[in-house]
Amino acid sequence: MLELVAAFICLTTLLTYVNYRFIGLPPAIGVMVTALLFSLILQGLSLIGFPGLEERVEGLMNQIDFNDLLMHWMLSFLLFAGALHVNLGDLRSYRWPIGLLATIGVLIATVVIGFLAHWVFALFGWHVSLIYCLLFGALISPTDPIAVLGALRTANASKPLKTTIVGESLFNDGTAVVVFTVLLGIVQLGETPSVSETAILFAREALGGIAFGGLIGYATYRMIKSIEQYQVEVMLTLALVIGGSAMCYELHVSAPIAMVVAGLIIGNLGRNLAMNDMTRRYMDGFWELIDDMLNALLFALIGLELLLLPFNWLHLAAGSVLAVAVLMSRLLTVAPAIVLLRRWRSVPKGTVRVLTWGGLRGGVSVALALSLPVGDERDLLLSITYIVVLSSILIQGLSIGRVVRGVTAQP
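Quick note on the UniProt record's numbering: the sequence shown kicks off at 1 and runs consecutively.
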């Protein structure tokens, strides 16, 4: 296992260097592109005289449990690092659009995408049950916080737009995972849970995550406030994420939501009331490094997953159609929320356009697809999910800055 970790870190570092030195794309997206090219080169070499090479790499990739690695560990680190730099006052100011998009928006998108997928699959001759189509809707509906944060980092978006997009992406995972879990339970058990059972599941995962994240975040803040030693203070936040994530899965509460809440507390209360300038500098430097490294590892994994997919050109065609359908469903969920919000407060021009185009899908969707029961439906949905995610990151992720600048330039 240690050899596998070493090989993967070295490969990711090489891909990062190649992107920085020769390609020049945004870091995370560039690493994914170079990993995709690496996957295609391996497949080509296997065809022209190096048999077994692709299979050896596939064997190494099969040893990595992408779903467990991302959902149980990497996501907690990345969400905590992202939440550290989000202003709690800004989130409070835009709580209504964030709340609507992260809850009702996810539910609407799940249903819309599910029915559209059912129609598209039938169009291509695949008989996929509606419940699996709704599962696809649930796993592809949340915007991915990792992809969104990376894309917005260099885009000069206004504060309302950036706060809304980032806030929604940080919180909508909890809703999507609960919806996905309920639908997956229906598939596995063959029965629909009651409204009370669904409400209990949501309360335990989402509200439990908020409560537990607040508890461990505040406890860590008090510990940081009681000392002035930046090494220990940084170690406390590291222990918060590692230990807190492990405890979340023992308590069956949402680790992503807990880490967002804890990160907001440390990034606001801790930064303003408990840290001196040196601690802030080292804290920011440490978590920015963790964020950049894990982003590179995650997007390299997404690129290399191409080697494991049961892929054909019909999947590419269907995935392209559904990528457009996902984008249209995003518009259908964003536009009503913003129109409703305009009744109470001023909303900048172009908000609907930026929120729609900024709704990137990423590793969370791939991880959820990998957790589907083994079978033909899983293989199909995994391939389609991968194509939609790639389309989202490559097309929307590379052009979101241009869209933001176009909106900003409007009088």
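Beta carbons are placed, not taken as given, at the ideal position from N, Cα and C, and that holds for glycine.
(message) Just to confirm before moving on: does the CB-CB distance between residue 323 and residue 124 stay below 8 Å?
(response) Taking the sequence shown and counting its residues from 1, one reaches residue 323 at position 323. Taking the sequence shown and counting its residues from 1, one reaches residue 124 at position 124. Contact annotation: residue 323 and residue 124 have beta-carbon atoms that are not nearer than 8 Å.
(request) Check whether the region 261-269 touches the region 201-220, counting contact only when three or more Cβ pairs, one atom from each stretch, lie closer than 8 Å. (result) The region 261-269 vs the region 201-220: in contact.
(request) Please go through the same chain and pick out, in chain order, the residues whose beta-carbon is closer than 8 Å to the beta-carbon of residue 127, but skip the five residues on each side of it. (result) The count along the sequence shown starts at 1 and reaches residue 127 at position 127. Same-chain partners within the cutoff: 121.
(request) Return yes when the Cβ of residue 132 is within less than 8 Å of the Cβ of residue 288, no when it is not. (result) Working through the sequence shown from its first residue, we reach residue 288 at position 288. Working through the sequence shown from its first residue, we reach residue 132 at position 132. Not in contact: residue 288 and residue 132 (Cβ atoms no closer than 8 Å).
(request) Return the chain-ordered list of same chain residues with a C-beta closer than 6 Å to the C-beta of residue 245, the five sequence neighbours on each side being excluded. (result) Position 245 of the sequence shown, counting from 1, holds the residue named residue 245. Around residue 245, the same chain offers 76 and 255 as residues with beta carbons nearer than 6 Å, after the five sequence neighbours per side are excluded.
(message) On a Cα-Cα basis, can you pick out the residue from 189, 304 and 204 that is closest to residue 196?
(response) The residue labelled residue 196 in the question sits at position 196 within the sequence shown. Out of 189, 304 and 204, 204 has the C-alpha closest to the C-alpha of residue 196.
(request) Give the DSSP-derived three-state secondary structure of residue 65 in the structure shown. (result) Locating residue 65 in the sequence shown gives position 65, where the first residue counts as 1. The answer is coil: DSSP assigns residue 65 none of H, G, I, E or B.
(message) According to DSSP, simplified to helix, strand and coil, what is residue 229?
(response) Taking the first residue of the sequence shown as position 1, residue 229 is located at position 229. Looking at residue 229 - three-state DSSP - the assignment turns out to be coil, as it is neither helix nor strand.
(message) Below 8 Å, how does it come out for the region 89-104 and the region 376-391: are there three or more Cβ pairs, yes or no?
(response) Too few Cβ pairs lie closer than 8 Å, so no.
(message) For residue 327, report the span of its alpha helix (DSSP H) as first-last.
(response) Locating residue 327 in the sequence shown gives position 327, counting from the first residue. Note, residue 327: alpha helix (DSSP H), 313-341.
(message) If you measure between the beta carbons of residue 182 and residue 110, is that distance less than 8 Å?
(response) Within the sequence shown, the letter at position 182 stands for residue 182. Within the sequence shown, the letter at position 110 stands for residue 110. Between residue 182 and residue 110, the CB-CB gap reaches or exceeds 8 Å.
(request) State the Cα-Cα distance for the pair residue 241 and residue 78, rounded to the nearest angstrom. (result) Working through the sequence shown from its first residue, we reach residue 241 at position 241. Working through the sequence shown from its first residue, we reach residue 78 at position 78. Roughly 10 Å separates the two Cα atoms.
(request) With hydrogens ignored, establish whether the beta-carbon of residue 402 is closer than 7 Å to any heavy atom of the ligand NAD. (result) Looking at this structure, you won't find the ligand NAD or any other ligand, since it has none at all.
(message) My parser needs the alpha helix (DSSP H) runs of 4 or more residues fully inside the region 174-214; what are they?
(response) Taking 4 residues as the shortest admissible run, the region 174-214 contains the following complete alpha helix (DSSP H) segments, listed from N- to C-terminal end: 195-202.
(request) Using only alpha-carbon positions, find the residue among 140, 375 and 270 that is nearest to residue 117. (result) Start at 1 with the first residue of the sequence shown, and residue 117 comes out as number 117. Taking the Cα of residue 117 as reference, the smallest distance to any Cα among 140, 375 and 270 is reached at 140.
(request) Could you say which of 193, 190, 224 and 176 lies nearest to residue 206 if we only look at CA atoms? (result) In the sequence shown, the residue the question calls residue 206 occupies position 206. When C-alpha distances from residue 206 are compared across 193, 190, 224 and 176, the shortest belongs to 176.
(request) In the DSSP assignment, find the alpha helix (DSSP H) that holds residue 256 and state where it starts and stops. (result) Within the sequence shown, residue 256 is the residue found at index 256, counting from 1. Unbroken alpha helix (DSSP H) run through residue 256: 255-265.
(request) Would you mind sorting residue 142 into buried or exposed? The rule is 16 or more other CB atoms within 10 Å of its CB. (result) For the purposes of this step, residue 142 is taken as residue 142 along the sequence shown, with counting starting at 1. Per the 10 Å Cβ criterion, buried.
(request) Determine, using beta carbons only, whether residue 271 and residue 281 come nearer to each other than 8 Å. (result) As a working note, residue 271 is residue 271 in the sequence shown. As a working note, residue 281 is residue 281 in the sequence shown. With contacts defined by Cβ atoms closer than 8 Å, residue 271 and residue 281 do not form a contacting pair.
(message) Give me the residue from 103, 162, 68 and 251 with the minimum Cα distance to residue 83.
(response) In the sequence shown, counting from the first residue as 1, residue 83 sits at position 83. Distance from the Cα of residue 83 is smallest, within the candidate group 103, 162, 68 and 251, for 162.
(message) Rounding to the nearest angstrom, what Cα-Cα distance links residue 397 and residue 349 in this structure?
(response) Against the sequence shown, residue 397 aligns to sequence position 397. Against the sequence shown, residue 349 aligns to sequence position 349. Just so you know, the alpha carbons of residue 397 and residue 349 end up roughly 21 Å apart.
(request) For the alpha helix (DSSP H) containing residue 351, list its first residue and its last residue. (result) Mapped onto the sequence shown, residue 351 falls at position 351. Secondary structure note for residue 351: its alpha helix (DSSP H) is the uninterrupted segment 351-357.
(request) Look up residue 421 in the DSSP assignment and say whether it is helix, strand or coil. (result) No statement about residue 421 is possible, as the shown extent of the chain runs from 1 to 411 and does not include it.
(request) With residue 284 as the anchor, note down where its alpha helix (DSSP H) starts and where it stops. (result) Position 284 of the sequence shown holds residue 284. Counting along the chain, the alpha helix (DSSP H) containing residue 284 begins and ends at 277-304.
(request) Give a yes or no on whether the C-beta atoms belonging to residue 236 and residue 224 are separated by under 8 Å. (result) By 1-based counting over the sequence shown, the position of residue 236 is 236. By 1-based counting over the sequence shown, the position of residue 224 is 224. Yes.
(message) Check for me: the alpha helix (DSSP H) holding residue 20 runs from which residue to which?
(response) Taking the sequence shown and counting its residues from 1, one reaches residue 20 at position 20. Unbroken run through residue 20: none, as it is neither H nor E.
(message) Does the contact criterion of 3 or more C-beta pairs under 8 Å hold for the region 21-36 versus the region 300-314?
(response) The region 21-36, when compared against the region 300-314, does touch it at the 8 Å Cβ threshold.
(request) Would you kindly report the start and end of the unbroken alpha helix (DSSP H) that includes residue 43? (result) Mapped onto the sequence shown, residue 43 falls at position 43. Note, residue 43: alpha helix (DSSP H), 27-47.
(request) Select from 130, 72, 167 and 63 the residue whose C-alpha is nearest the C-alpha of residue 101. (result) Start at 1 with the first residue of the sequence shown, and residue 101 comes out as number 101. It is 167.
(request) May I have the straight-line CA-CA distance separating residue 172 from residue 208, to the nearest angstrom? (result) Mapped onto the sequence shown, residue 172 falls at position 172. Mapped onto the sequence shown, residue 208 falls at position 208. Roughly 15 Å between the two C-alpha positions.
(request) Determine the contact status of residue 367 and residue 67, defining contact as a CB-CB distance below 8 Å. (result) Within the sequence shown, numbered from 1, the residue matching residue 367 stands at position 367. Within the sequence shown, numbered from 1, the residue matching residue 67 stands at position 67. It is a contact, given that the beta carbons lie within the stated cut-off.
(request) With residue 114 as the anchor, note down where its alpha helix (DSSP H) starts and where it stops. (result) Numbered from 1 along the sequence shown, position 114 holds the residue referred to as residue 114. DSSP places residue 114 in the uninterrupted alpha helix (DSSP H) bounded by 104-123.
(request) Starting from the C-beta of residue 55, find all residues in its chain whose C-beta is less than 8 Å away, skip the five residues before and the five after it, and write them out in chain order. (result) If you number the sequence shown from 1, residue 55 lands on position 55. Close CB contacts of residue 55 within its chain, under the 8 Å cut and outside five residues either way in sequence, are with 46 (chain order).
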